[in-house]
Amino acid sequence: MSATGLLLAGSALAAEATAVPATGTSRGSATAVAFRAALDVSRAGADGTTPLRATLNEVRAPGTAEKKTLDVTLDQVNRDRPVRLLQADAVRAKADVADGRAEATSRLERARVHVPGLPALSLVEVEQVTATATCASGQKPVAESQVLGPVTALGKRVPLAAGGTATVEVPGVGTVRLSLSQRETTSATAAATSLRLQVSVDPLRLGVEKVEGTVTLAQATCRSPQPASESPAPSGRSAPLAQSVAPSPKTDLAETGGSPMTPYLLAVGAVLVTAGGTAAALAGRRSRRNR
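Using the numbering used here, you'd call the opening residue of the sequence shown number 1348 and step up by one each time.
Structure representation (structure tokens):
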């Protein structure tokens, strides 16, 4: 009976894999981040560089996630003194995937970014930046980004041009290249970045703190959920799992203590009994002759 039980279990697993309709291939995804820095810091009199990596309010979905942390402070990167990389009056990042829709949004208001070596001068200041990415099943993904109000980099006003770039250079301080309101969509994805900075700062060219890398403000991405689809059963039609593995009264004799193998076992037993009887008769004849 144990061998028969294993065979029935195997049949049930096969039916579950091939006969149950699929409920969907993808729920989609969404990500949002308010601030990200990937910088390399060179210290005076030190060999090599120190990587500086920081992220504020990065959230991912499926599910719903939201963060509103306002500041990023790092220790021991500015001659062992803390550096507040980002200060903002309002920060929000939210990602949500539900009901065939994936959406991410991030926003900063009155934000100021600093880097090691520039304690008094802001790398960049913005009034408000937002990024939103929306991906709905069966619809074209949408990416939106906005830079509202004035933007200054290294103390200089930056002309605003959506989708464009601007370069600010301050002699003896450094260079910042800004990419404004970048948006990109495909048939299934969307990505929006309100502000991306390419940074190269070497204050007074004295090597006190040399900083190079990128800073990103307000970024959102999404991938569209895929519609549910059905997979046909091997016979060409879908069948519930219970129907695929339910015992049949004509073939399964479990209720009477038997099994579908019982007729075969009885036939084999009959053959063995017959063969045993024949062997016993031959042995008896040999015994009588020897007497």
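For each residue, glycine too, the CB sits at the ideal point set by N, CA and C.
These figures come from a predicted structure and were not determined experimentally.
Between which two residues does the beta strand (DSSP E) holding Lys1557 run? Counted as a single uninterrupted DSSP element, the beta strand (DSSP E) harbouring Lys1557 occupies residues Glu1556 to Arg1570.
By Cβ distance, which residues of its chain are closer than 6 Å to Pro1409, with the 5 residues on each side in sequence left out? Excluding residues within five positions, the ones whose Cβ falls inside 6 Å are Arg1374 and Val1444.
Can you give me the C-alpha to C-alpha distance between Ala1343 and Ser1469, rounded to a whole angstrom? For residue 1343 there is no data in the structure shown, the boundaries of the chain being 1348 and 1638.
Whole angstroms are fine: how far does the CA of Gly1554 sit from the CA of Ser1389? Between Ser1389 and Gly1554, the C-alpha separation is close to 8 Å.
Inter-residue spacing [alpha-carbon to alpha-carbon] between Ala1538 and Val1517: For Ala1538 and Val1517, the distance between alpha carbons rounds to 31 Å.
Pairwise C-alpha distance: Glu1556 and Gly1521: Going from the Cα of Gly1521 to the Cα of Glu1556 covers about 11 Å.
What residue does the beta strand (DSSP E) around Ser1528 start on, and which one ends it? Start and end: Gly1521 to Thr1532.
Distance between Ala1509 and Ala1458 (C-alpha atoms, nearest Å): Approximately 19 Å, taken between the alpha carbons.
Under the three-state DSSP convention, the category Pro1550 falls into: In the structure shown, Pro1550 adopts helical secondary structure according to DSSP, grouped into three states.
Tell me whether Thr1514 sits in a helix, a strand or coil according to DSSP, three-state version. In this structure, Thr1514 counts as strand in the three-state DSSP scheme.
Distance between Arg1552 and Ala1442 (C-alpha atoms, nearest Å): Cα to Cα, Ala1442 sits roughly 42 Å from Arg1552.
Compute the Euclidean distance between the alpha carbons of Leu1568 and Arg1543, then round it to the nearest angstrom. With the sequence shown as reference, residue 1568 is identified as Thr, and Leu is not the correct amino acid for it. Those two C-alpha atoms are separated by around 15 Å.
I need the straight-line Cα distance from Ala1451 to Ser1534, nearest angstrom please. So the two alpha carbons sit approximately 17 Å from each other.
Compare the C-beta of Ala1567 with all C-beta atoms of chain C and state if any pair is closer than 9 Å. The structure shown contains no chain C, having only a single protein chain.
For the beta strand (DSSP E) containing Pro1409, name the first residue and the last one. Run containing Pro1409: none; DSSP gives neither H nor E here.
Is it buried or exposed for Thr1514, if we count other Cβ within 10 angstroms and need 16 for buried? When all chains shown are included, Thr1514 counts as exposed.
Same chain, Cβ closer than 7 Å to Thr1396, five either side skipped, listed in chain order: Cβ contact annotation for Thr1396 (same chain, cutoff 7 Å, sequence separation greater than five): Asp1387, Val1388 and Ser1389, in chain order.
Can you give the Cα-Cα distance for Ser1492 and Val1419, rounded to whole angstroms? A straight-line Cα-Cα distance of about 23 Å links Ser1492 and Val1419.
Just mark Gln1486 as buried or exposed, buried being the case when its beta carbon has 16 or more other beta carbons within 10 Å. Exposed is the call here.
Rounded separation between Ala1478 and Leu1403 - CA only: The straight-line gap from Cα to Cα measures roughly 15 Å.
DSSP on Arg1374, reduced to helix/strand/coil? In the three-state DSSP reduction, Arg1374 falls in the coil class, being neither helix nor strand.
When the Cα atoms are used, what is the spatial distance from Ser1541 to Asp1394? The alpha-carbon of Ser1541 is positioned some 35 Å away from that of Asp1394.
I'd like the list of long-range same chain contacts for Arg1524, defined as Cβ closer than 6 Å, with 5 residues on each side in sequence excluded. Once the five neighbours on either side are set aside, the close Cβ partners of Arg1524 are Thr1514 and Gln1545.
Quick one: using the 10 Å Cβ neighbour count with 16 as the cut-off for buried, is Pro1488 buried or exposed? With 16 or more Cβ atoms within 10 Å of its Cβ, Pro1488 is classed as buried.
Close beta carbons around Ala1437, own chain, < 6 Å, minus the five adjacent residues each side: Excluding residues within five positions, the ones whose Cβ falls inside 6 Å are Glu1456.
Of the residues Gly1464, Val1471, Glu1413 and Gln1566, the one placed nearest Thr1433, counting alpha carbons only: A small fix is needed here, since residue 1433 is Leu in this sequence, not Thr. Nearest C-alpha to Leu1433: Val1471.
Contact belief for Val1460 with Val1476 at Cβ below 8 Å, rounded distance in angstroms: Actually they do not touch by this definition, with Cβ atoms about 11 Å apart.
Quick check on this structure: which residue in Pro1466, Arg1530 and Thr1563 has the alpha carbon closest to the alpha carbon of Ala1644? Outside the displayed span of the chain (1348 to 1638) sits residue 1644, for which this structure offers no information.
Taking Gly1496 as part of the beta strand (DSSP E), name the residues at either end of that continuous run. Per DSSP, Gly1496 is one residue of the beta strand (DSSP E) stretching across Val1489 to Ala1500.
With the cut-off set at 9 Å, would you say Arg1448 and Pro1572 are in Cβ contact? It is a contact, given that the beta carbons lie within the stated cut-off.
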